[in-house]
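Peer 1: First to last, the protein sequences are chains A and B. With my numbering applied, the first sequence corresponds to residues 1 to 314, in that order. With my numbering applied, the second sequence corresponds to residues 315 to 665, in that order. Backbone N, C-alpha and C define an ideal beta-carbon position, used for all residues, glycine too.
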Amino acid sequence: MTRFVLRRLLQSVVVLLGVTLVVFLLLQLVPGDPVRVALGTRFDQQTYDALRERSGLDQPLVAQYASYVGHALTGDLGVSFRSGQPVTTIVLERLPATLSLAVTAVLLALLVAFPLGVLSAVRSGSALDHAARVFSQFGVSVPDFWMGIMGILLFAGVLGWLPPSGYVALTEDPAGWASHVLLPAGAVGLVTASILTRFIRSSVLEVLSEDYVRTAEAKGLRSRIVVVRHVLRNALIPVVTVVAVQLASLIGGVIVIEVLFAWPGVGRLTYDAVQARDYPVLQGAVLFVAALFLLMNLLVDVLYARLDPRIGVR
Amino acid sequence: MRERTDRPTRPGRAGATDRHEPAGPDIAEPVLAIEDLTVTIGTRRGPARAVAGVDWSVRAGQTLALVGESGSGKSLTVLAATGLAPRTARVTGRVRLLGEELTALPEPRRRRLRGRHVGFVFQDPMTSLNPVLTVGRQVTEACEEHLGMTRRQARERAVELLDLVGIPSPRQRVDAYPHQFSGGMRQRVVIAMALSCEPDLLIADEPTTALDVTTQAQIVELIADLRRRLGTAVVWITHDLGVVAGVADTVAVMYGGRIVEQGPVDAVFDAPSHPYTRALLAARPGPGVRDGDLPAIQGSPPSPLDLPAGCAFWPRCPVRGDARCEHELPPLVPVAPGHRVRTFYPLSEDA
């Protein structure tokens, strides 16, 4: 198992290196001079040259990349053009907000999708099944930001139960955090719940038609045991991947929701960095998200090997 | 469910019965008896009558072979009798298991009889085992359910059962997963599973079809041997007439959802009286017979959605009787003691 994890970690490093290269090159293609943006409208040539040199932007591309990766290995992702703060610090500051939003959204989604997906498969064709399908059709058709706006209008505007936007750290004030996280997490979670409901339903349906489920029924097991022991254990293996991918994509991609709810997470940071052409911050944010994605995949692989004995770990 | 303490069925101890020899106390009452069983399946193109008016019974220690082409209704007969038919199936008729009427029972009570008194061996051992549970767990989870065994007792029992079905080093293999076994070994696991609660009846639904030839013989021998040792009644669904001749006491040949001929295996094989049975027996390959020389039955079996009014075999029948065959269903009539045939024109022995 340890060797398996180590090998996967090594593979992840290679992938991460590829990510740095792509991010680095992509940003070279983007028009606009970051030094000019950083200096504003009034500056002289001397200041311009000095900043350019200090940022290493006067070096050849290969040298720039090599020094970027070299520094990245020591945890130094450069400094923000705008604030002059280290990128690593900036991204790490934003991480708790994003993580807490993404995890809450996925938990809310699972809370709905798991029972709904399983029940609608086990009782396929029933009224509940039809309702579940309408729900998931609705959820995947409606974008999360629209859901967010409707949420704000209803719960913050009309009912006044929840704050319309803003962020309170979980560590400072759990209750305040909860009241602020509910709307954005609900908006994102509803979409995720729809995707998961569909996936869980079809996965369970598929397993229900397997021969070994008939074998279990032939043994005279109670249908609850057949479902929990024989159906779910098999049906949930692929669901683990989907949940992990959803979680990973939420960590990297709730940009619109974070902007809408003034949620100071990595998505918001990415958005601001693009606006300001703050390349080091943008690179750092993308790199962090990629790293989290890889970590999530690694976790999924480890979990898979535990859930499915057919996957050899050696 | 009546008390059944009179049966010596601990594995390893020899059962009281041998082939053609009536078993002791259970002779009066068949283990499973079905009467006038009819199964209609709702399909998009209307109801399909897949099984009609089937009667047979099997006694302790005896083997009944259900023979027929794919789609003749042989598996469905057994699945419907034990409450495992698809949800769209409508089942009528009488099914008595150990004297208890099953069709009148609500599903929860029927469920408690499955696994406990009836064990199943299915066709494909590659798909009939759950890939994420250890074989030991699968072999004896029915014992936990029906006999109230603890996990530890069940594990011991699993080792015993794996040993009984001839799996080498069972104590190590009990914690292995199905994918770590070959097809033949998996089928042994399935057989161990079916026998875990010492059932009175074993249903083997084409247990060798998915296996290679050498393994087939081993599995046939294993089931026959266990039947002798445990005194279990066996319903053996197959289209392999060689197996029927080797293991069965009685045989029921099905065609188009009905029994067309049934009786003691020797009588049916020596004097097949239905044209279909005769054609089936003639189509058996044997030494010196090349593939192209086998007399195949022309045409294909009827669809259960579109059965002829008269004899279902009439369109393919080599005898080609008359208008009566086409329009009137022949009754099942005796041609010898215990030997019955559904045809207006039973073949005589030397026809």
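Going by DSSP, what residues sit across from B:Asp519 in a beta bridge?
Peer 2: DSSP, once it has assigned bridges, lists B:Ile551 as partnering B:Asp519.
Peer 1: Taking 7 Å as the CB-CB cut-off, is B:Tyr491 touching chain A?
Peer 2: So yes, B:Tyr491 belongs to the interface.
Peer 1: Exposed or buried, which one is B:His641 when buried takes at least 16 other CB atoms within 10 Å?
Peer 2: B:His641 should be labelled exposed.
Peer 1: Kindly indicate the opening and closing residues of the alpha helix (DSSP H) around A:His71.
Peer 2: 61 to 73 is the extent of the alpha helix (DSSP H) around A:His71.
Peer 1: Are three or more beta carbon pairs between the stretch 187 to 194 of chain A and the stretch 142 to 155 of chain A nearer than 8 Å?
Peer 2: Judged by Cβ distances under 8 Å, the stretch 187 to 194 of chain A makes contact with the stretch 142 to 155 of chain A, as three or more pairs qualify.
Peer 1: Just reading off the beta strand (DSSP E) that A:Ser141 is part of, what are its end residues?
Peer 2: Premise fails: A:Ser141 lies in the alpha helix (DSSP H), 127 to 141, not in any beta strand (DSSP E).
Peer 1: Between B:Thr441 and chain A, is there a C-beta pair that is closer than 7 Å?
Peer 2: Closer than 7 Å to some Cβ of chain A, the Cβ of B:Thr441 qualifies, so yes.
Peer 1: Can you list the residues of chain B that A:Arg233 reaches, using a CB-CB cut of under 9 Å?
Peer 2: Within 9 Å Cβ-Cβ: Asn444, Val446, Leu447.
Peer 1: Check distances from the C-beta atoms of the stretch 553 to 565 of chain B to those of chain A and list, in chain order, the residues that come in under 7 Å.
Peer 2: Cβ contacts with chain A come from no residue of the stretch 553 to 565 of chain B.
Peer 1: Applying a beta-carbon distance threshold of less than 8 Å, which residues of chain A neighbour B:Glu459?
Peer 2: Under the 8 Å cutoff, chain A gives Lys219, Gly220, Leu221, Arg222, Ile225.
Peer 1: Along chain B, in chain order, which residues have C-beta atoms closer than 9 Å to that of A:Leu308?
Peer 2: The residue you asked about is not Leu; residue 308 of chain A is Asp in the sequence shown. Those are Pro445, Val446, listed as they occur along chain B.
Peer 1: Check for me: the beta strand (DSSP E) holding B:Ile537 runs from which residue to which?
Peer 2: Per DSSP, B:Ile537 belongs to no beta strand (DSSP E); it is in the alpha helix (DSSP H), 527 to 544.
Peer 1: Between the alpha carbons of B:Gly338 and B:Arg543, how many angstroms are there, rounded?
Peer 2: Because the pLDDT of B:Gly338 is 46, which lies under 50, any placement of that residue in the model is unreliable, and the number read from its coordinates should be weighed accordingly. Straight-line Cα distance between these residues: approximately 14 Å.
Peer 1: Between which two residues does the beta strand (DSSP E) containing B:Thr591 stretch?
Peer 2: It is not in any beta strand (DSSP E) - B:Thr591 instead sits in the alpha helix (DSSP H) that spans 589 to 596.
Peer 1: How would you list, in chain order, the residues of chain B whose beta-carbon sits under 9 Å from the beta-carbon of A:Thr241?
Peer 2: Within chain B, no residue comes near A:Thr241; the closest Cβ sits about 16 Å away, beyond 9 Å.
Peer 1: Ignoring anything shorter than 3 residues, give me the beta strand (DSSP E) runs that lie fully in the stretch 399 to 471 of chain B, in order along the chain.
Peer 2: List check, beta strand (DSSP E) in window: 403 to 411, 432 to 435.
Peer 1: Leaving out the 5 sequence neighbours to the left and right, which residues in its chain are closer than 6 Å to B:His431 when beta-carbon positions are compared?
Peer 2: The answer, listed in chain order, is Pro513, Asp514.
Peer 1: For my contact list, B:Gly367 and B:Met568 are in at a C-beta cut-off of 8 Å; report their separation, rounded to the angstrom.
Peer 2: With 8 Å as the limit, B:Gly367 and B:Met568 do not qualify as a contact, their Cβ atoms being about 11 Å apart.
Peer 1: Quick check on A:Asp301 - is its C-beta less than 7 Å from some C-beta in chain B?
Peer 2: Judged by the 7 Å Cβ criterion, A:Asp301 is not in contact with chain B.
Peer 1: Does the beta carbon of A:His130 sit closer than 7 Å to a beta carbon anywhere in chain B?
Peer 2: Cβ-Cβ to chain B under 7 Å: no for A:His130.
Peer 1: Once the 5 residues before and after B:Glu415 are set aside, which same chain residues still bring their CB inside 8 Å of it?
Peer 2: Correct list, in chain order: Arg408, Val409.
Peer 1: To the nearest angstrom, report how far apart A:Phe4 and A:Gln11 are at their CA atoms.
Peer 2: One C-alpha to the other measures close to 11 Å.
Peer 1: Taking the alpha-carbon positions, what's the B:Glu383 to A:Gln137 distance?
Peer 2: For B:Glu383 and A:Gln137, the distance between alpha carbons rounds to 44 Å.
Peer 1: Any heavy atom of the ligand NAP closer than 6 Å to the CB of B:Glu458?
Peer 2: You won't find the ligand NAP in this model; it holds no ligand whatsoever.
Peer 1: Applying the criterion that 16 or more other CB atoms from any shown protein chain within 10 Å of the CB defines a buried residue, is A:Leu292 buried or exposed?
Peer 2: Buried: at least 16 other Cβ atoms inside 10 Å.
Peer 1: So, helix, strand or coil for B:Ala685, using DSSP?
Peer 2: Outside the displayed span of chain B (315 to 665) sits residue 685 of chain B, for which this structure offers no information.
Peer 1: Could you spell out where the beta strand (DSSP E) holding B:Pro578 opens and where it closes?
Peer 2: B:Pro578 -> beta strand (DSSP E) spans 572 to 578.
Peer 1: Between B:Asp584 and B:Thr354, what straight-line distance do the alpha-carbon atoms span, to the nearest angstrom?
Peer 2: Answer to the nearest angstrom: the Cα atoms are 34 Å apart.
Peer 1: Can you list, in chain order, the residues of the stretch 196 to 210 of chain A whose Cβ is nearer than 8 Å to any Cβ on chain B?
Peer 2: Within the stretch 196 to 210 of chain A, the residues whose Cβ lies closer than 8 Å to some Cβ of chain B are Glu210, listed in chain order.
Peer 1: I want to know whether the stretch 169 to 185 of chain A touches the stretch 257 to 264 of chain A - three or more CB-CB distances under 8 Å.
Peer 2: Short answer: they touch.
Peer 1: Is B:Ala650 close to chain A? Criterion is C-beta to C-beta, closer than 7 Å.
Peer 2: No - not a single Cβ of chain A is within 7 Å of the one on B:Ala650.
Peer 1: On the CB-based measure, 16 or more other CB atoms within 10 Å of its CB, does A:Gln275 come out buried or exposed?
Peer 2: Its Cβ having fewer than 16 others within 10 Å, A:Gln275 is exposed.
Peer 1: Between which two residues does the beta strand (DSSP E) harbouring B:Arg286 extend?
Peer 2: For chain B, the structure presents residues 315 to 665; residue 286 of chain B sits outside this window and is missing.
Peer 1: Hey, does B:Ala547 have any beta-carbon neighbour from chain A nearer than 7 Å?
Peer 2: No - not a single Cβ of chain A is within 7 Å of the one on B:Ala547.
Peer 1: If you count every other CB in all the chains shown that lies within 10 Å of the CB of B:His460, and 16 or more means buried, which is it?
Peer 2: Flag for B:His460 reads buried.
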